Amino acid sequence: MPKVQINLEGWQDYRGNFAGSLLYVETSKESGVPVRDQLNENEKGLYLYEPNYETSTYGFMSCYNVKNINAIVKAKSRYILFGTRYEGLSESELKNKYLIHGYMRIDKIRDVRTRHMQKYMANPGLEEPECMQLEKNIAVYGPMHFVSFADSFILTDELLKEWGFKGHASRQLKSVFKDDRLKMILDHLDSKQQMIDEYIDTVDELKEALAEMQE
């Protein structure tokens with residue numbers, strides 16, 4: 006269960022195919038687990054709220070990465086696979102490896118463009134987010150499973166080549182995994198301890214630190 010249960014009225018049930026779309030996550034360098042970059046440590050210009058472990062959503066709390074989420078839903082992928090190159094506090098040979106550290110099964114979707122527009126209009130002076138130029142801002146909801154740094158699935162260039170994919174394991178990789186390949190990734194993650202409560206506790210601590218910094 007998510008920490009915060011949102012009102013699901015107006016959300017539509019989603020029936021996707023057995024496919025998992027890879028999505029890159031900017032992760033914190035100040036945490037022991039690869040949580041999202043809540044403090045803008047990677048200097049991407051944003052304090053990230055996605056994936057939102059607290060509500061089990063992506064794209065609902067903020068207007069971020071909308072084009073990729075729209076594309077994933079349009080392609081009918083049932084799963085989002087979260088990948089990163091974690092450079093946080095844990096010391097390990099896994100640093101700088103491309104890791105799939107969690108996934109989300111999409112159960113419901115909703116166009117939240119109006120929600121984001123109202124939020125933007127209520128804060129005059131903010132730079133207009135890119136998603137305001139899109140016809141739809143699809144948000145997704147569903148169960149999430151995240152694991153520790155050490156338990157992540159390692160995605161190597163060699164494995165991608167073996168699976169018939171071109172390119173390297175990088176933030177630009179937009180691969181879609183199906184059938185046995187997706188099953189291998191999900192089985193690996195499912196066999197590891199669910200760490201989402203620790204993820205939530207960690208981002209709560211980072212939010213508190215951010216509030217102190219802003220004061």
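Numbering (the numbering used here), first residue to last: 6 to 220. Beta carbons: idealized from backbone N, C-alpha and C, even for Gly. These numbers were taken from a predicted model, which means no experiment stands behind them.
Put residue i into one of helix, strand or coil per three-state DSSP.
i, result
"N22", "strand"
"L164", "helix"
"N73", "helix"
"V8", "Checking the sequence, you will find Lys at residue 8 rather than Val. Coil."
"M137", "helix"
"K235", "With the chain covering only 6 through 220, there is no way to say anything about residue 235."
"V181", "strand"
Considering residue i, what are the terminal residues of the beta strand (DSSP E) in which it resides?
i, result
"R110", "104-110"
"A144", "143-146"
"G169", "Counting along the chain, G169 falls outside any beta strand (DSSP E), and DSSP gives it neither H nor E."
"R83", "82-89"
"F65", "First-last for F65: undefined, no H or E at that position."
"L151", "In the sequence under discussion, the amino acid at residue 151 is Phe, which differs from the Leu named in the question. 149-151 is the extent of the beta strand (DSSP E) around F151."
Taking the alpha helix (DSSP H) that residue i falls in, what are its first and last residues?
i, result
"T119", "118-126"
"M189", "184-195"
"A216", "201-219"
Using only the alpha-carbon positions, how far apart do residue i and residue j sit?
i, j, result
"K166", "T119", "42 Å"
"Y103", "K49", "19 Å"
"N75", "Y52", "21 Å"
"G25", "P56", "15 Å"
"G64", "Y19", "15 Å"
"H193", "K141", "34 Å"
"I201", "N70", "21 Å"
"M66", "L99", "31 Å"
"E133", "V145", "22 Å"
"Q199", "V152", "6 Å"
"D195", "L13", "26 Å"
"P129", "N45", "22 Å"
"N47", "T62", "22 Å"
"R115", "M137", "16 Å"
"K124", "R41", "22 Å"
Verify whether the separation of the beta carbon atoms of residue i and residue j is less than 8 Å.
i, j, result
"S33", "Q43", "yes"
"I190", "F158", "yes"
"G88", "G37", "no"
"C68", "H150", "no"
"I85", "L28", "yes"
"F23", "L187", "yes"
"R83", "N101", "no"
By the 10 Å Cβ neighbour count, where 16 or more other Cβ atoms means buried, how is residue i classified, buried or exposed?
i, result
"V234", "Look at the range of the chain in this structure, 6 to 220, and you will see that residue 234 is not part of it."
"H173", "exposed"
"M6", "exposed"
"L131", "exposed"
"G15", "exposed"
"M218", "exposed"
"P39", "buried"
"G169", "exposed"
Cβ of residue i within 7 Å of any heavy atom in the ligand FAD?
i, result
"D185", "For the ligand FAD, the structure offers nothing, since it holds no ligand at all."
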